[in-house]
Every structure is written in structure tokens, then in C-alpha cells.
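Here the structure is laid out as C-alpha cells; the discussion comes afterwards.
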Amino acid sequence: MRASKGPATGPSTYPPPVYSVAEDRRSVPPAGVFWWLGSTILLGAVLGAAWWLLAPTGRLFGDPSSADQWLLRDLTLAGLELVAGIAVGAVVALRLALPAAVARILAAVGGSVLGSLLALAVGEGLAYLLGPHDQDGLPGSDFLLHSYGALAIWPGVAALIIFLTALIGLARRPA
């Protein structure tokens, strides 16, 4: 059998694909960076609403006048941020071998910082708008975060998981 087509000649076929310039696989399209940044920031809004709903002295249960539950309110946000940090860190760690890992890591950890601040703003904003409101004459009863160190848990855990995964990957690489 003979090929029905003749040899391709002309300027459109030179240079052949074998000699063409390789694509740049080190960069990531801006949409990918914006997706990581935006998804972690959006997760912060979800965490803020969950904190407002689930925390003692929050919307669903608890007594805002009981000082025993104020620490639990802060620990609820810390626990939610711990779960978010583990999730974001694990998802990014699974993609370390793909191109543009540094941009993805910076976008995810930076988005986690912004998402953590947004979680605080959303939780306190919902409490300000919809309650529970503070008790008159009882300082500390309003729905506020008193332990601001809890905001560092999400980005810290995500960065730690990514770092340890990269370190273990480097240690397993043959010399």
C-alpha cells in the first residue's frame, strides 16, 4: 500500500516537530495560582461560618455569659484551622512533583494566611449581625477571638506538611 499523500513541502512544515522548541513546563498559568489562592480564601469564609455555628457561645448552643466556654470558642476555631491546614497541606504535598510547585506552594500558604484572617472576620461579623451579642456588664462575653495565635495554625500546619513531604521526598531520592 502506498500513502495517498505526497511529501509535505512548504514553509508550514519546517522545522519539523522534532526540532521545535520545547514548551516551558516550569511555569504555571496564572489561572492555577489564582485558583489555589482563591480556593483557600473561600475555605476561610466557610471556616468562619462553621466557627460561628459550632463554637460554644455561638449560634447553636452554649451560654455567652459562662466564662468556662470562652476558651472553647477559641479552641473551636483552632481545631477547624488545624483540619484545614492538614487538608491544604496534604493536597499541595501530593502535587509537589508537578511543574510550578513553588508557585503553587506560595499561593496555597499565602491563601491560607488570608483565609485564616477571613475566617476570623466572617465569624465575628456573623456574630455581630445575627448574635449572640455580649451581656451587659460582663466583659469578654461577646463573640470574639481572644487567642490570636490560633490564626497561625492553618498556614503553619500547611507549610509544615509541605516541608516535611518535600524533605522526605529528597531523602528517598537515590544519590
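What the sequence shown shows, in the numbering used here, is residues 2 to 176, in sequence order. Backbone N, C-alpha and C define an ideal beta-carbon position, used for all residues, glycine too. Just so it is clear, the structure is predicted and the values come from calculations on it, not from any experiment.
{"query": "Between the CA atoms of residue 129 and residue 112 - distance to the nearest angstrom", "result": "25 angstroms"}
{"query": "Beta-carbon proximity of residue 69 to residue 146, cut-off 7 angstroms", "result": "no"}
{"query": "Whole-angstrom distance between residue 100 and residue 153, CA atom to CA atom", "result": "28 angstroms"}
{"query": "Extent of the continuous alpha helix (DSSP H) run through residue 75", "result": "71-94"}
{"query": "Close beta carbons around residue 94, own chain, < 7 angstroms, minus the five adjacent residues each side", "result": "162, 163 and 166"}
{"query": "Length of the line joining the Cα atoms of residue 119 and residue 42", "result": "7 angstroms"}
{"query": "Spatially closest choice to residue 203 from 89, 71, 98 and 168, by CA coordinates", "result": "The requested residue 203 does not occur in the structure, where the chain is confined to residues 2 to 176."}
{"query": "Cβ-Cβ separation, residue 159 to residue 109 (assumed contact under 8 angstroms), whole Å", "result": "6 angstroms"}
{"query": "Three-state secondary structure (DSSP) of residue 156", "result": "helix"}
{"query": "Length of the line joining the Cα atoms of residue 148 and residue 57", "result": "15 angstroms"}
{"query": "Sequence-distant residues of the same chain with beta carbon closer than 8 angstroms to residue 54, five excluded per side", "result": "60 and 61"}
{"query": "7 angstroms Cβ shell around residue 114 - same chain, five flanking residues per side excluded", "result": "156"}
{"query": "Rounded straight-line distance, which links the Cα of residue 107 to that of residue 50", "result": "25 angstroms"}
{"query": "Buried versus exposed call for residue 105 [16 or more other C-beta atoms within 10 Å across all chains shown]", "result": "buried"}
{"query": "Per-residue DSSP class, three states only, for residue 101", "result": "coil"}
{"query": "Short Cβ contact (7 angstroms threshold) for residue 85 with residue 44", "result": "yes"}
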